[in-house]
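> Under full-length UniProt numbering, think of the first position of the sequence shown as 1, with each following residue one higher. All C-beta atoms, glycine included, are put in the ideal place defined by N, C-alpha and C. The model shown is predicted, which means the values in this text are computed figures rather than measured ones. Before we start, here is the structure in question, set down as structure tokens.
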Amino acid sequence: MQQLLDSVKSLSARERKALAILLKRQGVNLYGVTPIARRETPAASALSYAQQRQWIIWQLEPHSAAYNIPLALRLHGALDVEALRRSVEQLIERHETLRTMFEQQGDEALQVVHPASQFALNVDQLALGETVESYVDLDVQRPFDLQHGPLLRVRLLELSEQEHVLVLTQHHIVSDGWSMPIMVDELMQCYQAASLGREAELAQLPIQYADYAIWQRNWLEMGEQERQLAYWTQQLGEQQPILELPTDRPRPALRSCDGARLNIELDAALLNTLKALARQQGITLFMLLLASLQTLLHRYSGQADIRVGVPVANRTRSETQGLIGFFVNTQVLKAEFGAQTTVADLLQQIKQTAVQAQAHQDLPFEQLVEALQPQRDLSRSPLFQVAYNHQSEGHNEARELAGLRLEYQVSDKHTAQFDLTLDTCERQNGLAASLTYATDLFDATTIERMAGHWRNLLSGMCRDVNQRIADLPLLSVEERQNTLRDWNHKLAVYPSEHCAHQRIEAQAARTPQAIALSLGAEQLSYRQLNRRTNQLAHKLREQGVGPDVRVGLAAERSLEMIVGCWRSSRPGARTCRWTRITRRIA
Numbered sequence: 001m002q003q004l005l006d007s008v009k010s011l012s013a014r015e016r017k018a019l020a021i022l023l024k025r026q027g028v029n030l031y032g033v034t035p036i037a038r039r040e041t042p043a044a045s046a047l048s049y050a051q052q053r054q055w056i057i058w059q060l061e062p063h064s065a066a067y068n069i070p071l072a073l074r075l076h077g078a079l080d081v082e083a084l085r086r087s088v089e090q091l092i093e094r095h096e097t098l099r100t101m102f103e104q105q106g107d108e109a110l111q112v113v114h115p116a117s118q119f120a121l122n123v124d125q126l127a128l129g130e131t132v133e134s135y136v137d138l139d140v141q142r143p144f145d146l147q148h149g150p151l152l153r154v155r156l157l158e159l160s161e162q163e164h165v166l167v168l169t170q171h172h173i174v175s176d177g178w179s180m181p182i183m184v185d186e187l188m189q190c191y192q193a194a195s196l197g198r199e200a201e202l203a204q205l206p207i208q209y210a211d212y213a214i215w216q217r218n219w220l221e222m223g224e225q226e227r228q229l230a231y232w233t234q235q236l237g238e239q240q241p242i243l244e245l246p247t248d249r250p251r252p253a254l255r256s257c258d259g260a261r262l263n264i265e266l267d268a269a270l271l272n273t274l275k276a277l278a279r280q281q282g283i284t285l286f287m288l289l290l291a292s293l294q295t296l297l298h299r300y301s302g303q304a305d306i307r308v309g310v311p312v313a314n315r316t317r318s319e320t321q322g323l324i325g326f327f328v329n330t331q332v333l334k335a336e337f338g339a340q341t342t343v344a345d346l347l348q349q350i351k352q353t354a355v356q357a358q359a360h361q362d363l364p365f366e367q368l369v370e371a372l373q374p375q376r377d378l379s380r381s382p383l384f385q386v387a388y389n390h391q392s393e394g395h396n397e398a399r400e401l402a403g404l405r406l407e408y409q410v411s412d413k414h415t416a417q418f419d420l421t422l423d424t425c426e427r428q429n430g431l432a433a434s435l436t437y438a439t440d441l442f443d444a445t446t447i448e449r450m451a452g453h454w455r456n457l458l459s460g461m462c463r464d465v466n467q468r469i470a471d472l473p474l475l476s477v478e479e480r481q482n483t484l485r486d487w488n489h490k491l492a493v494y495p496s497e498h499c500a501h502q503r504i505e506a507q508a509a510r511t512p513q514a515i516a517l518s519l520g521a522e523q524l525s526y527r528q529l530n531r532r533t534n535q536l537a538h539k540l541r542e543q544g545v546g547p548d549v550r551v552g553l554a555a556e557r558s559l560e561m562i563v564g565c566w567r568s569s570r571p572g573a574r575t576c577r578w579t580r581i582t583r584r585i586a
């Protein structure tokens, strides 16, 4: 094998491709067993599959900021502005993605790496009435021009001689969440060296992102795409269900990507309890939290097949570990719920699904969409409508370097790529979480209530893993009180020795012409009500309805709905108390 590797290094790209085709016939993927090669020329080159999808999205929505990646750092201490400028300049020179732009040549989109040039860093001051938050938000919401760039914006806000805010905003086509800590680490190393009048000694990058994009296409074409696609098509099946969450407003025909975010804090005690449960079940905290989200969606929607989009770093090759670029991929993880599914059952199901997905994480999401061909709907994202992202450790802790103290400034993009996205991040003092939601669909109060229900589910899952998912507590004590008692408060006390339908029969005998029901211009007397309910009761008996048989009722608000409610129980069918109904639907 080593002899093969040494021989491949001396081959041109064309010769390497010819050899790969020959080896494929023998079941060997050359690109999977050899290092990623550098491009032979700096000419325009193909996009990665993830970049290709971003390019299409940008062409459809060039004024959207939904795919901007923001980072704001508050710098405390005496800042050497020139050292910071040189540090950014060195970073741009080091990573080709930070000086890459995109163009369409015929049917093919290409990425073009521009030569490094001198970087200018302007220092801003707050305008009258402007706040730091509004300054950051304004920059974060500015769209990028992928054709003309630059696709990294750097702005420095001076609050005083001892306090500044550095805002770094990138477009997703050249970066991802994994890239941001790399950028901050290298920027700080460069700044520390520059402030001392030296050049930072950073390890040479083995490849650039454009090299990876070419390798990815070759590697997938030589059999890997076929292998991984076979798994995902079998896993997800032919039918692609749409998650139907109850919304505050009708879904618009075209998504606007307008969004907001609700921050959630779970204390250290609950986090430790969750970790203990995960260890007991032989799963990761990520798997447990994913299961809790899918449970929440199942209980809200009533659907048995719940699918959630989960990003994966997709940096399985060692050459990609230190690069700034768009590597992240999206997987669709599904959970199936049955009437008797317990918490323990669900956790083991999620574990198996996640482990198998990890072994098939390289198939580009774009190719999965193309293969499954879900029904196109401009009001929804394909294959999943809710996403989940977990960080096992926070990269946003305060840091001290070269006389500066760095703190991460939280910013809100006011955009939502999906109906709902849950983000979680482990910290020493607990679990930081947030729900980003589409404001076209949801009100803030709805999301706040949903966050409370998620907390209740987490606590319930920790108490007993052998209980059914259907029996997990969703409502808080206060919500249950409102639903079962306050909203259902009786104004009169009725005798309990007779059932409701018996009391109606007695009333019909006493006052047959009196009005029993009224809705708008429609009215029913007690005699008419009793006759209709008797007719329905006999009809149900003919259909085989008897003791312990549940009867479903589907009706608009009407007199017929009341008739159905009263008489569905007459043949002996089982009726549900409000407590049981509440537990089932909430």
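Under three-state DSSP, which class holds T320?
As a working note, residue 320 is residue 320 in the sequence shown. Here T320 sits in helix by DSSP.
> Would DSSP call A260 helix, strand or coil?
Here the question's residue 260 lines up with position 260 in the sequence shown. Residue state, collapsed to three classes: strand.
> Output the residue ranges of the alpha helix (DSSP H) runs that lie fully inside the region 354-420 and measure 4 residues or longer, sorted by chain position.
The region 354-420 contains these whole alpha helix (DSSP H) runs: 365-372.
> E522: which of A509, E560, L536 sits nearest, CA to CA?
Position 522 of the sequence shown, counting from 1, holds the residue named residue 522. Per the Cα distances, E560.
> Counting along the chain, where does the beta strand (DSSP E) carrying T436 start and finish?
Here residue 436 is taken as the residue at index 436 of the sequence shown, counted from 1. From DSSP, the beta strand (DSSP E) with T436 extends over 430-438.
> Quick check: the region 336-353 against the region 217-226, are at least 3 beta-carbon pairs closer than 8 Å?
No: the two stretches stay apart, fewer than three of their Cβ pairs being nearer than 8 Å.
> Using the beta-carbon count (16 or more within 10 Å), is R550 buried or exposed?
Locating residue 550 in the sequence shown gives position 550, counting from the first residue. Exposed, by the Cβ-count rule.
> For R463, which three-state DSSP category applies?
Counted from its first residue, the sequence shown places residue 463 at position 463. Three-state DSSP puts R463 in a helix.
> Can you tell me which of N466, S134, V312 puts its alpha carbon nearest to the alpha carbon of S179?
Locating residue 179 in the sequence shown gives position 179, where the first residue counts as 1. The residue with the shortest Cα to Cα distance from S179 is V312.
> Among the candidates D345, N314, A387, whose CA atom is the shortest distance from the CA of Q358?
By 1-based counting over the sequence shown, the position of residue 358 is 358. Nearest of D345, N314, A387 to Q358, Cα basis: N314.
> When the Cα atoms are used, what is the spatial distance from L296 to L435?
For the purposes of this step, residue 296 is taken as the residue at position 296 of the sequence shown. For the purposes of this step, residue 435 is taken as the residue at position 435 of the sequence shown. Straight-line Cα distance between these residues: approximately 13 Å.
> Taking S525 as part of the beta strand (DSSP E), name the residues at either end of that continuous run.
Numbered from 1 along the sequence shown, position 525 holds the residue referred to as residue 525. Where S525 is concerned, the enclosing beta strand (DSSP E) stretches over 522-525.
> Give me the DSSP bridge partner(s) of R38.
Indexing the sequence shown from 1 puts residue 38 at position 38. Its beta-bridge partners do not exist; DSSP assigns none.
> Alpha carbon to alpha carbon, how far is Q467 from L457?
Locating residue 467 in the sequence shown gives position 467, counting from the first residue. Locating residue 457 in the sequence shown gives position 457, counting from the first residue. Rounded to the nearest angstrom, the two C-alpha atoms are 12 Å apart.
> So, at 7 Å on beta carbons, what are the nonlocal neighbours of P571 in its own chain, with the 5 sequence-adjacent residues on each side left out?
The residue you call residue 571 lines up with position 571 of the sequence shown. With a pLDDT of 49 at P571, under the threshold of 50, the modelled position of that residue is not reliable, and the figure given next carries that caveat. Cβ within range, chain order: A537, L540, R541, V545, G546.
> Ignoring anything shorter than 4 residues or poking outside the region 119-190, list the alpha helix (DSSP H) runs there in chain order.
Runs found: 132-140.
> Count the other C-beta atoms from every protein chain shown that fall within 10 angstroms of the C-beta of C499, then say buried if there are 16 or more, exposed otherwise.
Counted from its first residue, the sequence shown places residue 499 at position 499. Counting Cβ neighbours within 10 Å, C499 comes out exposed, since fewer than 16 surround it.
> Nearest to L243 by alpha carbon, out of R307, Q192, L293, R261?
For this step, residue 243 is matched to residue 243 along the sequence shown. Ranking R307, Q192, L293, R261 by Cα distance to L243 puts R307 first.
> Taking the beta strand (DSSP E) that N329 falls in, what are its first and last residues?
To locate residue 329, count along the sequence shown from 1; it is residue 329. Per DSSP, N329 belongs to the beta strand (DSSP E) from 329-336.
> Compute the Euclidean distance between the alpha carbons of Y437 and D258, then round it to the nearest angstrom.
Position 437 of the sequence shown, counted from the start, is the residue given in the question as residue 437. Position 258 of the sequence shown, counted from the start, is the residue given in the question as residue 258. Going by the C-alpha atoms only, they are around 8 Å apart.
> Go ahead and pull the three-state DSSP assignment for H501.
Against the sequence shown, residue 501 aligns to sequence position 501. Looking at H501 - three-state DSSP - the assignment turns out to be helix.
> Please classify L236: does DSSP put it in a helix, a strand, or coil?
Residue 236 sits at position 236 when you count from the first residue of the sequence shown. Three-state DSSP puts L236 in a helix.
> When DSSP labels each residue in this structure, what does D80 get in the three-state scheme?
Indexing the sequence shown from 1 puts residue 80 at position 80. Coil, per DSSP.
> Thinking just about the alpha-carbon of each residue, which of Y408, L383, K275 is nearest to the one in F365?
For this step, residue 365 is matched to residue 365 along the sequence shown. Ranking Y408, L383, K275 by Cα distance to F365 puts L383 first.
> Excluding the 5 residues preceding and the 5 following W212 in the sequence, name in chain order all residues of the same chain whose CB lies nearer than 8 Å to its CB.
By 1-based counting over the sequence shown, the position of residue 212 is 212. In the sequence under discussion, the amino acid at residue 212 is Tyr, which differs from the Trp named in the question. I36, S48, R317, E319, T320, L323, G325, F327.
> Are the Cβ atoms of V369 and D419 separated by less than 9 Å?
Here residue 369 refers to the residue found at position 369 of the sequence shown. Here residue 419 refers to the residue found at position 419 of the sequence shown. No, Cβ-Cβ distance for V369 and D419 is not below 9 Å.
> How about F102 and L146: do their beta carbons lie closer than 9 Å?
Taking the first residue of the sequence shown as 1, we reach residue 102 at position 102. Taking the first residue of the sequence shown as 1, we reach residue 146 at position 146. Yes, these two residues count as a Cβ contact at 9 Å.
> My output table needs one value for D345: the three-state DSSP class, helix, strand or coil.
In the sequence shown, residue 345 corresponds to position 345, counting from 1. Correct three-state label for D345: helix.
> Looking at the structure shown, is V563 part of a helix, part of a strand, or coil, going by DSSP?
To locate residue 563, count along the sequence shown from 1; it is residue 563. Here V563 sits in helix by DSSP.
> Kindly indicate the opening and closing residues of the alpha helix (DSSP H) around A109.
Along the sequence shown, read from residue 1 onward, the residue named residue 109 stands at position 109. Segment 108-113 is the beta strand (DSSP E) holding A109; no alpha helix (DSSP H) there.
> May I ask which residues mark the beginning and end of the alpha helix (DSSP H) holding L277?
Translated into positions along the sequence shown, residue 277 becomes position 277. Where L277 is concerned, the enclosing alpha helix (DSSP H) stretches over 268-281.
> From the DSSP output, in three-state form, read off N456 for me.
Position 456 of the sequence shown, counted from the first residue, corresponds to residue 456. Helix, per DSSP.
> Would you mind working out which of L517, A554, R557, V563 sits nearest Q535, comparing C-alpha positions?
Position 535 of the sequence shown, counting from 1, holds the residue named residue 535. Of the listed residues, the one whose Cα sits closest to Q535 is V563.
> Assign L289 to one of three DSSP states: helix, strand, or coil.
In the sequence shown, counting from the first residue as 1, residue 289 sits at position 289. Three-state DSSP puts L289 in a helix.
> What's the C-alpha gap between T575 and L441?
The sequence position of residue 575 within the sequence shown is 575, counting from 1. The sequence position of residue 441 within the sequence shown is 441, counting from 1. Because T575 carries a pLDDT of 46, less than 50, the predicted location of this residue cannot be relied on, and no value is offered for it.
> Buried or exposed: D248, going by 16 or more other Cβ atoms within 10 Å of its Cβ?
In the sequence shown, the residue the question calls residue 248 occupies position 248. That one is exposed.
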